[in-house]
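Student: Under my numbering, the first residue of the sequence shown carries the number 153, and numbering increases by one thereafter. Input: one structure, supplied below.
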Amino acid sequence: MHAMQYEITLPADYDMGVIRKRVADKGHLLDAHPGLGLKAYLVRERGRQGSPVNQYAPFYLWRTAEGMNGFLWGPGFRGLSADFGRPAVRHWLGAGLTRGASSVAGERTEQPSTATRATVRLPEGADPAEAVERALADLPTHPDLHTAAVAVDPSRWELLRFALWNGPAPEDAPGVRYQVLHLSRPELDRLPAGRHW
Numbered sequence: 153m154h155a156m157q158y159e160i161t162l163p164a165d166y167d168m169g170v171i172r173k174r175v176a177d178k179g180h181l182l183d184a185h186p187g188l189g190l191k192a193y194l195v196r197e198r199g200r201q202g203s204p205v206n207q208y209a210p211f212y213l214w215r216t217a218e219g220m221n222g223f224l225w226g227p228g229f230r231g232l233s234a235d236f237g238r239p240a241v242r243h244w245l246g247a248g249l250t251r252g253a254s255s256v257a258g259e260r261t262e263q264p265s266t267a268t269r270a271t272v273r274l275p276e277g278a279d280p281a282e283a284v285e286r287a288l289a290d291l292p293t294h295p296d297l298h299t300a301a302v303a304v305d306p307s308r309w310e311l312l313r314f315a316l317w318n319g320p321a322p323e324d325a326p327g328v329r330y331q332v333l334h335l336s337r338p339e340l341d342r343l344p345a346g347r348h349w
């Protein structure tokens, strides 16, 4: 599993309706993308949920590196880059995943409405394996959890915790909060739950 995100920060007076329309018109295009576990079309709006910025910040969990490469070298990312400039793409290696009742086939199928993303730099001298073990042990079990993942960027020794929620994220959920405009999940059920390393 690979986690990926790019953040496009927009002017303070930007009409976020433009992003909403873009997602409404094009979000479905990745609903069947090979190798994609999920893509959460995320936004932050200045003055909402404590956000100081307007931002479009899609988050991906890839089941295969081939799927990720196919997207980055394909027409979708090329079009986004033409419209907004080529963003820096963050990438983390997946360490673990859990799915809540609302994401499991045959259970509730609500689309998540919020997401949280927390990153922490591991201190020099900290054992990365122990940090990952702790993060995996702390994966949320909240009834409104849709999906949660833990991943690591070994170039920066940064630990990522990402979660999708039905309704508002719990008050104690750490990190930046986003609104989910659309969720493409073509191969989410093929991402194995639990540990991935």
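Even glycine gets a Cβ: it sits at the ideal position worked out from N, Cα and C. As the structure is a prediction and not an experimental result, all values here were calculated from the model.
Name the one or two DSSP bridge partners that F106 has.
Tutor: The requested residue 106 does not occur in the structure, where the chain is confined to residues 153 to 349.
Student: Within this structure, are the beta carbons of G358 and T268 separated by less than 7 Å?
Tutor: Beyond the ends of the chain as shown, which are 153 and 349, falls residue 358; an answer cannot be given.
Student: Excluding five sequence neighbours on each side, which residues of the same chain lie with their C-beta closer than 8 Å to the C-beta of G346?
Tutor: For the purposes of this step, residue 346 is taken as the residue at position 194 of the sequence shown. Excluding positions up to five away in sequence, the list reads G248, L249 and T250.
Student: Since L335 and P264 are thought to touch, with beta carbons under 8 Å apart, how far apart are those beta carbons, to the nearest angstrom?
Tutor: Within the sequence shown, numbered from 1, the residue matching residue 335 stands at position 183. Within the sequence shown, numbered from 1, the residue matching residue 264 stands at position 112. Confirmed, Cβ separation roughly 6 Å.
Student: Just how far apart, CA to CA, sit L340 and L190?
Tutor: Residue mapping note: residue 340 aligns to position 188 of the sequence shown, counting from 1. Residue mapping note: residue 190 aligns to position 38 of the sequence shown, counting from 1. Spanning the two alpha carbons is a distance of roughly 6 Å.
Student: Distance check for G277 and D171, CA to CA, integer angstroms please.
Tutor: Residue 171 sits at position 19 when you count from the first residue of the sequence shown. Residue 277 sits at position 125 when you count from the first residue of the sequence shown. Position check: residue 171 holds Ile in this sequence, whereas Asp was assumed. So the alpha carbons of these two residues sit roughly 42 Å apart.
Student: Use the C-beta contact count for H298: other C-beta atoms within 10 angstroms, 16 or more gives buried, fewer gives exposed.
Tutor: Numbered from 1 along the sequence shown, position 146 holds the residue referred to as residue 298. So H298 ends up on the buried side.
Student: Are there 16 or more other CB atoms within 10 angstroms of the CB of F223, so buried, or fewer, so exposed?
Tutor: One-based indexing of the sequence shown puts residue 223 at position 71. It counts as buried.
Student: How many angstroms separate the CA atom of N318 from the CA atom of P204?
Tutor: As a working mapping, residue 318 is identified with position 166 in the sequence shown. As a working mapping, residue 204 is identified with position 52 in the sequence shown. Cα to Cα, the separation comes out at about 23 Å.
Student: Comparing alpha-carbon positions, which option in H180, R198 and E285 lies nearest Q331?
Tutor: Indexing the sequence shown from 1 puts residue 331 at position 179. Closest by alpha carbon: R198.
Student: Check for me: the alpha helix (DSSP H) holding M220 runs from which residue to which?
Tutor: Translated into the one-based positions of the sequence shown, residue 220 becomes position 68. Residues A217 to L224.
Student: For L343, which of helix, strand or coil comes out of DSSP?
Tutor: Position 191 of the sequence shown holds residue 343. Coil at L343, not helix or strand.
Student: Decide yes or no for the touch test of the segment 159 to 178 against the segment 204 to 222: beta carbon pairs closer than 8 Å, at least 3 of them.
Tutor: Yes: the two stretches touch, three or more of their Cβ pairs being nearer than 8 Å.
Student: If M153 sits next to L343, beta carbons under 8 Å apart, how far is it from one beta carbon to the other, in whole angstroms?
Tutor: As a first step, residue 153 must be located in the sequence shown, where it is residue number 1. As a first step, residue 343 must be located in the sequence shown, where it is residue number 191. With a Cβ gap of about 6 Å, M153 and L343 count as contacting.
Student: For the putative contact between L312 and W244, defined by C-beta atoms under 8 Å, what is the C-beta separation to the nearest angstrom?
Tutor: For the purposes of this step, residue 312 is taken as the residue at position 160 of the sequence shown. For the purposes of this step, residue 244 is taken as the residue at position 92 of the sequence shown. Their Cβ separation, rounded to whole angstroms, is 5 Å, which keeps L312 and W244 in contact under 8 Å.
Student: On the three-state DSSP scale, how would you describe S336?
Tutor: Within the sequence shown, numbered from 1, the residue matching residue 336 stands at position 184. Note: S336 maps to strand in three-state DSSP.
Student: In its own chain, which residues sit with a C-beta less than 6 Å from the C-beta of D305, not counting the 5 before and 5 after it?
Tutor: Reading the sequence shown from its first residue, position 153 is the one you call residue 305. Result list for D305: W244, in chain order.
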